[in-house]
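Protein chains in written order, with UniProt numbering: chain A, 1 to 290; chain U, 1 to 287.
All C-beta atoms in this analysis are idealised placements derived from N, C-alpha and C, irrespective of residue type, glycine included.
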Amino acid sequence: MINEVTKTMTAADYAAQYGLNRVGARPSLVSYLKQAWGRRDFAYELAKSRLQSSNQRNRLGMLWVVIKPTMNAVMYGFIFGILMGGSRGADFPVFVVIGVFLFEFFSGSVSSGAKAITGNAALVQSLAFPRITLVISAVIQQFLTLVPMLVVMYLYCTILGTYPRWSWLMLFPLLVLFTMFNTGMALICARLTVHIRDFTQILPLIVRMLFFTSGVLFGVDRVLNAFPGLVRMFDFHPIYQTLQIARGSIMNGVEYPSFYWIVLAVWGVVALVGGTIYFWAAEERYGRVD
Amino acid sequence: MVELTSFDDLINPRLHGKFEAEPVFEVEQSAEPEASTLTVDETRTPVVIVDDLHVKYQVYASGKAAGSAGARRLLQASARGIREVHAVKGVSFVAYENESIGIIGSNGSGKSTLMRTITGLTSPASGSVYASSRPNMLGVGAALIPDLSGDKNIMLGGLALGYNRQEINDMREDITKFAELEEFIDLPMRTYSSGMSARLKFAIAASKQHDILIVDEALAVGDARFRKRSEAKIREIRENAGTIFLVSHSMNSILDTCNRVIWIEKGVLTMDGDAKTVVDAYKGKKK
């Protein structure tokens with residue numbers, strides 16, 4: 001009996017004996033992240049190339065990166081400026097420009113992150129690299145779009161009568177946290193889309209809903225005066241807080257509680273770590289054709 | 001195996017082992033892992049072990065993807081018309097160092113699926129593939145962007161293959177020269193003729209050295225002259241690679257280059273052995 005057991009070696013035993021690893025096995029999280037770090041140049045180059053190629057055949061080329069959100073801001077500012085009538089503040093245009101431009105970064109990251117795996121099926125099936133690279137690349141592409149937008153945003157703010165001050169620099173640490181949060185969300189959406197394609201149909205709706213519930217166009221305290229309970233909820237709303245901190249740093253006379261930084265930092269870390277682990281756990285699933 | 005149902009389970013790293021024997025989202029499991037009948041020649045060094053490999057695709061007959069296990073459970077009542085394509089049925093073999101293995105079989109016999117599973121790009125339904133290093137397929141086309149110049153695509157493709165920028169800058173000239181695109185390298189790839197872009201893709205893909213390499217016959221591209229050069233390049237890569245799998249319908253090129261042939265028919269390994277013997281048997285069967 002014992003003899004028999006020692007005689008039959010399974011393939012796994014042989015593999016162990018000769019130091020072979022199972023192909024396609026998900027690597028440990030640490031080595032996965034290390035591999036992904038090794039592909040950082042690829043992620044950046046892919047993002048840059050896609051951005052260039054997406055605008056190259058337009059007459060106005062890269063200018064569209066700036067024109068599109070500007071038109072958005074003008075449209076929303078115009079419509080809601082009229083709708084809200086007297087209840088809007090004097091610096092409403094600056095308020096809307098900051099809100100729309102920063103929210104664009106979130107919505108872009110989430111929706112292009114959701115398509116990062118399913119939209120690159122050919123690439124996923126022909127080359128072996130950590131798939132997280134594709135999602136990171138999608139977020140980098142959105143970030144590269146954001147940079148010129150920020151310059152334009154500052155320009156608009158100056159034109160609209162808000163002048164530069166040192167607190168404008170607070171936008172840098174804010175963007176670090178916001179990017180962490182967006183990356184985490186993009187990773188979660190990327191995996192969800194792989195499991196349930198239908199998710200891409202619902203996602204625009206979710207994004208639109210967040211657009212109207214994140215204080216992009218109006219100060220929450222102003223509109224929800226009658227519902228103090230609901231206002232409390234916005235103390236834990238990452239997108240709202242990002243926008244508020246940005247406004248507080250850029251505009252004159254806008255205050256935000258400093259604990260917003262802590263809440264946002266927690267959101268950023270939890271989203272990024274949780275999203276990474278969640279995405280990595282299904283790594284073996286991504287290339288499959290079914 | 002953890003039943004992945006709740007979000008907490010999915011993100012809890014303690015529930016996921018380091019190297020699990022089965023992929024995470026397996027649909028159907030064979031009941032008991034049988035002791036395989038695999039025998040390894042102790043005098044040689046095995047580099048790839050394929051152990052009782054099954055690959056299945058589940059597709060609605062209408063072509064719609066069947067989706068994940070969870071969604072299928074949800075739709076169980078209405079899940080009629082699902083067709084299961086059993087593309088590879090229990091293939092086992094061991095490949096050793098410095099072997100050139102030809103893979104033959106008629107169209108749709110599962111050759112490409114088998115090769116894709118060996119590279120780890122398709123996950124098996126059961127069984128597994130072990131390898132000393134990750135087997136690579138020669139191909140980079142999917143990473144390239146038609147709107148960008150050939151030059152930028154060389155950078156992009158090289159990075160996708162895992163080179164760093166410095167290495168690519170060193171190879172750039174060789175790649176351009178090999179693809180014979182010196183005059184056109186700064187034009188967008190979409191303006192290239194199909195032969196030109198095929199040449200560029202081949203030149204980028206062929207710049208990498210591999211330990212275990214899978215070559216598809218379709219890679220010899222372009223006009224007669226370039227075909228000759230690309231075949232020579234494939235031979236050169238093969239000499240440097242430790243172990244090579246060549247998928248081909250051309251028995252001549254298989255006999256030229258392989259010392260062992262695996263014949264696959266309808267997903268089943270029909271014959272495995274010396275090149276001449278297997279090719280003769282295959283030709284006999286075909287007639």
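What does the Cβ neighbour count give for residue 199 (chain U), buried or exposed, with the cut at 16 atoms within 10 Å? Residue 199 (chain U) sits at position 199 when you count from the first residue of the second sequence. Answer is buried; the Cβ neighbour count reaches 16.
Reference residue 290 (chain U), options U:245, U:279 and U:277, closest by Cα: An answer regarding residue 290 (chain U) cannot be provided, because it is not within the stretch 1 to 287 covered by chain U.
8 Å Cβ cutoff met for residue 267 (chain A) and residue 32 (chain A): Taking the first residue of the first sequence as position 1, residue 267 (chain A) is located at position 267. Taking the first residue of the first sequence as position 1, residue 32 (chain A) is located at position 32. No, they are not a contact pair.
Tell me the DSSP secondary structure of residue 130 (chain A) in three-state form. By 1-based counting over the first sequence, the position of residue 130 (chain A) is 130. Reduced to three states, the DSSP call for residue 130 (chain A) is coil.
Give me the subset of the stretch 245–263 of chain U whose CB atoms are less than 9 Å from a CB atom of chain A, sorted by chain position. none
Work out the CA separation of residue 41 (chain A) and residue 193 (chain U) for me, nearest whole Å. Start at 1 with the first residue of the second sequence, and residue 193 (chain U) comes out as number 193. Start at 1 with the first residue of the first sequence, and residue 41 (chain A) comes out as number 41. Distance between the alpha carbons of residue 193 (chain U) and residue 41 (chain A): 29 Å.
Threshold first: 4 residues or longer. Then list the alpha helix (DSSP H) segments lying entirely within the stretch 168–222 of chain U, N to C. 194–205
Just how far apart, CA to CA, sit residue 20 (chain A) and residue 131 (chain U)? The residue given as residue 20 (chain A) occupies position 20 in the first sequence. The residue given as residue 131 (chain U) occupies position 131 in the second sequence. Spanning the two alpha carbons is a distance of roughly 5 Å.
Separation of residue 204 (chain A) from residue 277 (chain A), as counted between CA atoms: In the first sequence, the residue the question calls residue 277 (chain A) occupies position 277. In the first sequence, the residue the question calls residue 204 (chain A) occupies position 204. Each residue's Cα considered, the two are about 25 Å apart.
Considering just the uninterrupted stretch of the beta strand (DSSP E) at residue 269 (chain U), what are its terminal residues? In the second sequence, counting from the first residue as 1, residue 269 (chain U) sits at position 269. First-last of the beta strand (DSSP E) with residue 269 (chain U): 268–274.
Residues of its chain near residue 110 (chain U), where Cβ-Cβ distance is below 6 Å and the 5 sequence neighbours each way are ignored: Reading the second sequence from its first residue, position 110 is the one you call residue 110 (chain U). Cβ neighbours of residue 110 (chain U) beyond the five flanking positions: 87, 88, 264 and 267.
Note down, in chain order, every chain U residue with its Cβ under 7 Å from the Cβ of residue 42 (chain A). As a working note, residue 42 (chain A) is residue 42 in the first sequence. Neighbours of residue 42 (chain A) on chain U, chain order: 159 and 160.
Quick one: grab the DSSP three-state call for residue 96 (chain U). Looking up residue 96 (chain U) in the second sequence gives position 96. Here residue 96 (chain U) sits in strand by DSSP.
Comparing C-alpha positions only, which one of A:244, A:273 and A:285 sits nearest to residue 11 (chain U)? For this step, residue 11 (chain U) is matched to residue 11 along the second sequence. The residue with the shortest Cα to Cα distance from residue 11 (chain U) is A:273.
Comparing alpha-carbon positions, which option in U:41, U:216, U:236 and U:255 lies nearest residue 126 (chain A)? As a first step, residue 126 (chain A) is located in the first sequence; it is residue number 126 there, counting from the start. Considering only alpha carbons, the answer is U:216.
Looking at the structure shown, is residue 164 (chain U) part of a helix, part of a strand, or coil, going by DSSP? As a first step, residue 164 (chain U) is located in the second sequence; it is residue number 164 there, counting from the start. It is coil, neither helix nor strand.
Applying a beta-carbon distance threshold of less than 8 Å, which residues of chain U neighbour residue 57 (chain A)? Mapped onto the first sequence, residue 57 (chain A) falls at position 57. Simply 147.
Can you tell me whether residue 148 (chain A) is helix, strand or coil according to DSSP? On the first sequence, residue 148 (chain A) is found 148 positions in, with the first residue counted as 1. It is helical.
Bridge partners for residue 265 (chain U) per DSSP, in chain order? Position 265 of the second sequence, counting from 1, holds the residue named residue 265 (chain U). Answer by DSSP bridge pairing, in chain order: U:268.
Does the separation of the CB atoms of residue 291 (chain U) and residue 22 (chain A) fall below 8 Å? What the structure shows of chain U is the stretch from 1 to 287, and residue 291 (chain U) is not part of that stretch, so it cannot be assessed.
Residues bridged to residue 137 (chain U) (per DSSP): Translated into positions along the second sequence, residue 137 (chain U) becomes position 137. For residue 137 (chain U), which the question treats as bridged, DSSP gives the partners U:214.
Measure the alpha-carbon distance for residue 283 (chain A) versus residue 71 (chain A) and round it to whole angstroms. Here residue 283 (chain A) corresponds to residue number 283 of the first sequence, with the count starting at 1. Here residue 71 (chain A) corresponds to residue number 71 of the first sequence, with the count starting at 1. Residue 283 (chain A) and residue 71 (chain A): Cα-Cα distance of roughly 39 Å.
is_contact[residue 272 (chain A), chain U] using C-beta, thresh 8 Å: Here residue 272 (chain A) corresponds to residue number 272 of the first sequence, with the count starting at 1. Not an interface residue.
Relative to the C-alpha of residue 157 (chain A), which candidate in A:249, A:59 and A:218 has its C-alpha closest? In the first sequence, residue 157 (chain A) corresponds to position 157, counting from 1. Taking only the C-alpha atoms, the option nearest residue 157 (chain A) is A:249.
Rounded straight-line distance, which links the Cα of residue 258 (chain A) to that of residue 111 (chain A): Locating residue 111 (chain A) in the first sequence gives position 111, where the first residue counts as 1. Locating residue 258 (chain A) in the first sequence gives position 258, where the first residue counts as 1. Between residue 111 (chain A) and residue 258 (chain A), the C-alpha separation is close to 30 Å.
Under 8 Å: do the stretch 112–122 of chain A and the stretch 234–248 of chain A share three or more Cβ pairs, one atom per stretch? no
Please report the distance separating the alpha-carbon of residue 152 (chain U) from that of residue 186 (chain A). Along the second sequence, read from residue 1 onward, the residue named residue 152 (chain U) stands at position 152. Along the first sequence, read from residue 1 onward, the residue named residue 186 (chain A) stands at position 186. Cα-Cα distance, rounded: 27 Å.
Return the CA-CA distance between residue 261 (chain U) and residue 278 (chain U), expressed in angstroms with no decimal places. As a working note, residue 261 (chain U) is residue 261 in the second sequence. As a working note, residue 278 (chain U) is residue 278 in the second sequence. Rounded to whole angstroms, residue 261 (chain U) to residue 278 (chain U) spans 6 Å at the Cα level.
Excluding five sequence neighbours on each side, which residues of the same chain lie with their C-beta closer than 6 Å to the C-beta of residue 137 (chain U)? As a working mapping, residue 137 (chain U) is identified with position 137 in the second sequence. 119 and 214.
Measure from the alpha carbon of residue 148 (chain A) to the alpha carbon of each residue in A:67, A:224 and A:77, then state which is nearest. As a first step, residue 148 (chain A) must be located in the first sequence, where it is residue number 148. Taking only the C-alpha atoms, the option nearest residue 148 (chain A) is A:67.
Would you call the stretch 148–164 of chain U in contact with the stretch 126–136 of chain A, where contact means no fewer than 3 C-beta pairs closer than 8 Å? yes
I need the straight-line Cα distance from residue 108 (chain A) to residue 64 (chain A), nearest angstrom please. The sequence position of residue 108 (chain A) within the first sequence is 108, counting from 1. The sequence position of residue 64 (chain A) within the first sequence is 64, counting from 1. Using only the alpha carbons, I get a separation of about 15 Å.
Chain U contact residues for residue 141 (chain A), given Cβ-Cβ distances below 9 Å: For the purposes of this step, residue 141 (chain A) is taken as residue 141 along the first sequence, with counting starting at 1. Those do not exist, as residue 141 (chain A) stays about 12 Å from chain U at its closest Cβ, beyond 9 Å.
Taking all protein chains shown into account, do 16 or more other C-beta atoms lie within 10 angstroms of the C-beta of residue 179 (chain A), making it buried, or fewer, making it exposed? Looking up residue 179 (chain A) in the first sequence gives position 179. Buried is the call here.
Got a sec? Which residues, its chain only, sit under 6 Å from residue 171 (chain U) by beta carbon, not counting five neighbours each side? Residue 171 (chain U) sits at position 171 when you count from the first residue of the second sequence. Closer than 6 Å at the Cβ level, and outside the excluded window around residue 171 (chain U), lie 207.
Are the Cβ atoms of residue 255 (chain U) and residue 275 (chain U) separated by less than 8 Å? Your numbering for residue 255 (chain U) matches position 255 in the second sequence. Your numbering for residue 275 (chain U) matches position 275 in the second sequence. In this structure, residue 275 (chain U) lies closer than 8 Å to residue 255 (chain U) by Cβ.
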